[in-house]
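Quick note: the sequence shown uses the numbering used here, first residue 123, plus one each step.
The beta carbon of each residue, even a glycine, is placed where N, CA and C say it ideally should be.
Quick caveat, the model's predicted, so the values are computed rather than measured.
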Amino acid sequence: MLGLSDILEARDRVRETSRHTPLEHSHTYSAMTGADVRLKLENFQRTGAFKIRGATNRIATLSDAEKEAGVVTASAGNHAQGVALAATRVGVDAKIVMPEHAPISKVKATRNYGAEVVLAGADYNEAAQRAHEIEREEDRTYVHAFDDEYVMAGQGTIGLEIVEDCPEVDTVVVPIGGGGLISGIATAVKERKPDTRVIGVQAEGASSVATSLEKGERVSLDGVDTIADGIATRSVGEKTFPIIRDRVDEVVTVSDPEIAVALVYLLERSKTLVEGAGAVPLAALLFEKFDFEDDETIVPALCGGNIDLNTLTNVIVRGLVETGRYLKIRTVLKDQPGALEDLLEIFTAHRANIYAIHHDRTSRDVEMSDTEVEIELEMRGPDHVDAFLSDMRDAGYEVDVLV
Numbered sequence: 123m124l125g126l127s128d129i130l131e132a133r134d135r136v137r138e139t140s141r142h143t144p145l146e147h148s149h150t151y152s153a154m155t156g157a158d159v160r161l162k163l164e165n166f167q168r169t170g171a172f173k174i175r176g177a178t179n180r181i182a183t184l185s186d187a188e189k190e191a192g193v194v195t196a197s198a199g200n201h202a203q204g205v206a207l208a209a210t211r212v213g214v215d216a217k218i219v220m221p222e223h224a225p226i227s228k229v230k231a232t233r234n235y236g237a238e239v240v241l242a243g244a245d246y247n248e249a250a251q252r253a254h255e256i257e258r259e260e261d262r263t264y265v266h267a268f269d270d271e272y273v274m275a276g277q278g279t280i281g282l283e284i285v286e287d288c289p290e291v292d293t294v295v296v297p298i299g300g301g302g303l304i305s306g307i308a309t310a311v312k313e314r315k316p317d318t319r320v321i322g323v324q325a326e327g328a329s330s331v332a333t334s335l336e337k338g339e340r341v342s343l344d345g346v347d348t349i350a351d352g353i354a355t356r357s358v359g360e361k362t363f364p365i366i367r368d369r370v371d372e373v374v375t376v377s378d379p380e381i382a383v384a385l386v387y388l389l390e391r392s393k394t395l396v397e398g399a400g401a402v403p404l405a406a407l408l409f410e411k412f413d414f415e416d417d418e419t420i421v422p423a424l425c426g427g428n429i430d431l432n433t434l435t436n437v438i439v440r441g442l443v444e445t446g447r448y449l450k451i452r453t454v455l456k457d458q459p460g461a462l463e464d465l466l467e468i469f470t471a472h473r474a475n476i477y478a479i480h481h482d483r484t485s486r487d488v489e490m491s492d493t494e495v496e497i498e499l500e501m502r503g504p505d506h507v508d509a510f511l512s513d514m515r516d517a518g519y520e521v522d523v524l525v
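Next up, the structure:
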């Protein structure tokens, strides 16, 4: 099983390629939670995510014959970029299979790092099937995204950095997809500081590890559905699962709305951009998915920042909805002069700022004497939303909240 010596050797191999990323105290999240929160900003890593560490370590261990034949892998995006850059730096040909609906930004970045990209499958698992076919057809070495001890050891260098930069750490919170990142981090942390807790976090829509631990054996999900595409895997690895079972103290899950809230907080309060997978550790902390003490030193590992801009737009809106900052409603007015002005008096009284308004006199959903109105509003929080909706309904308006 993976050991500390493997991670120490990996650190020497990846030193020139990967960055020692910052570990910063957050006054904001410390005040919000009562804990002493330090953010491990792995989103500042080269290629924008931790995957460069494991990919570099694995490619460094290839034989000359394997380097000559080239490598192949499957990835939703971050591992793809890591393998592409690591391979290009040492002159190894890389072919990357990515899901057909992988974020465009990640596909372009992977190509820009020098790899050939093949789009195949609906998700990571189907992309991996095609990658293994290429492995056999072209005699390439398959660089697994997580179920490889060299890859795990490379990711474990993050754990070394955390305990060295923050020796007082009590708890490390880590995202889990297939388990390579947390296997490496947990090994490093537990070897160096056995009393430090390691908490794993999954998205509810891709909770293969949480389900496997509950059932006592590896479970493969029928499908995954989450905005955290970087951890959207159907099953935990064969090699990572026993490490997680033995060295991770607890595995919890967070919902997509909770992930969106954490991402928006990081953007607005910390001026830090992360992807969905990078936000799950903070989401678990903010929504108290695990127990912790006041002043406990907690390090959420923000594992990546490669978020597609279209996805980012949707996530920001969802985060604003969840925090009561954005409201979209539908109501019906009499189709007569002054009806809209009367409605807007309520808006003015509550200082609800209008983003957009759509006034439809021809909707089939209302009587011919009525008109349908959809309005998007900037609000100031959940209490503001509740008071505003209450006054609208007290004034006789039927209101449908659309988002």
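Between residue i and residue j, which are expected to be in contact by the criterion C-beta below 8 angstroms, what is the C-beta distance as a whole number of angstroms?
i: V544; j: V370; result: With the chain running from 123 to 525 in the structure shown, residue 544 is simply not present.
i: R168; j: T210; result: About 12 angstroms; that fails the 8 angstroms criterion.
i: L207; j: I256; result: Going by Cβ atoms, the distance from L207 to I256 rounds to 20 angstroms, so no, they are not a contact pair.
i: T527; j: V291; result: This structure gives no information on residue 527, because the portion of the chain shown stretches from 123 to 525.
i: F409; j: Q277; result: No, F409 and Q277 are not in contact; Cβ-Cβ is about 25 angstroms, not under 8 angstroms.
i: G300; j: A267; result: 6 angstroms
i: I438; j: I366; result: Not really, about 32 angstroms apart at Cβ, beyond 8 angstroms.
i: V341; j: T333; result: 5 angstroms
i: G426; j: V396; result: 7 angstroms
i: G327; j: D245; result: Actually they do not touch by this definition, with Cβ atoms about 11 angstroms apart.
i: H354; j: A198; result: Strictly speaking, residue 354 in this sequence is Ala, with His absent from that position. Going by Cβ atoms, the distance from A354 to A198 rounds to 6 angstroms, so yes, they are a contact pair.
i: L404; j: L388; result: 7 angstroms
i: D430; j: P221; result: With 8 angstroms as the limit, D430 and P221 do not qualify as a contact, their Cβ atoms being about 13 angstroms apart.
Do you know offhand how far residue i's Cα is from residue j's?
i: I280; j: L524; result: 42 angstroms
i: E501; j: F510; result: Looking at the sequence provided, one finds Met at residue 501 rather than Glu. Approximately 9 angstroms, taken between the alpha carbons.
i: G338; j: K361; result: 15 angstroms
i: R180; j: G503; result: 48 angstroms
i: D186; j: F414; result: 49 angstroms
i: E313; j: L335; result: 22 angstroms
i: D270; j: G204; result: 15 angstroms
i: R133; j: L499; result: 50 angstroms
i: Q324; j: R356; result: 12 angstroms
i: G441; j: G302; result: 28 angstroms
i: R233; j: V240; result: 10 angstroms
i: E520; j: E489; result: 14 angstroms
i: G460; j: D508; result: 25 angstroms
i: M274; j: K230; result: 26 angstroms
i: S330; j: L343; result: 6 angstroms
i: R515; j: D522; result: 10 angstroms
i: G345; j: L466; result: 46 angstroms
i: V265; j: K411; result: 33 angstroms
i: H481; j: V495; result: 5 angstroms
i: A153; j: A384; result: 15 angstroms
i: R137; j: L130; result: 11 angstroms
i: E463; j: D487; result: 22 angstroms
Let's see if you can read the secondary structure: which residues bound the alpha helix (DSSP H) around residue i?
i: K162; result: Taken as a continuous stretch (DSSP letters only), K162 belongs to no alpha helix (DSSP H), being part of the beta strand (DSSP E) at D158 to L163.
i: H149; result: H149 to T155
i: I366; result: T362 to R369
i: L196; result: For the record, residue 196 in the displayed sequence is Ala; it is not Leu. Note, A196: premise wrong, no alpha helix (DSSP H); beta strand (DSSP E) at V193 to A196.
i: A474; result: A474 -> no alpha helix (DSSP H), and no H or E assigned at all.
i: T210; result: N200 to R211
i: L408; result: G398 to L408
i: T143; result: Here T143 belongs to no alpha helix (DSSP H), and DSSP marks it neither H nor E.
i: I256; result: Y246 to E260
i: E336; result: S330 to K337
i: E290; result: Taken as a continuous stretch (DSSP letters only), E290 belongs to no alpha helix (DSSP H), as it is neither H nor E.
i: V358; result: Where V358 is concerned, there is no enclosing alpha helix (DSSP H), given that its DSSP letter is neither H nor E.
i: E131; result: L126 to V136
i: V386; result: D378 to S392
i: T178; result: K173 to A182
Could you check where the beta strand (DSSP E) with residue i kicks off and where it finishes?
i: G322; result: R319 to A325
i: M220; result: A216 to M220
i: D530; result: The shown model of the chain, from 123 to 525, leaves out residue 530, and the question about it has no answer.
i: P297; result: T293 to P297
i: T419; result: T419 to L424
i: E313; result: Segment G302 to R314 is the alpha helix (DSSP H) holding E313; no beta strand (DSSP E) there.
Residue i: beta carbon under 7 angstroms from a heavy atom of the ligand GTP?
i: V507; result: Of the ligands one can find in the structure shown there are none, so the ligand GTP has no counterpart to examine.
Any beta carbon from chain D within less than 8 angstroms of residue i's own beta carbon?
i: A253; result: Looking at the structure shown, chain D is missing, and only one protein chain is on hand.
Stretch pair the stretch 140-148 + the stretch 242-251: three plus CB contacts closer than 8 angstroms: no
Touching by the beta-carbon criterion (3+ pairs, under 8 angstroms), the stretch 456-476 and the stretch 434-447: no
Cβ contact check for the stretch 304-311 and the stretch 264-282: 3 or more pairs under 8 angstroms: yes
Minimum length 4: unbroken alpha helix (DSSP H) runs contained in the stretch 427-509: 431-444 and 461-472
Contact between the stretch 210-221 and the stretch 187-201 (3+ Cβ pairs under 8 angstroms): yes
Secondary structure, alpha helix (DSSP H): runs of 4+ residues fully inside the stretch 221-245: 226-234
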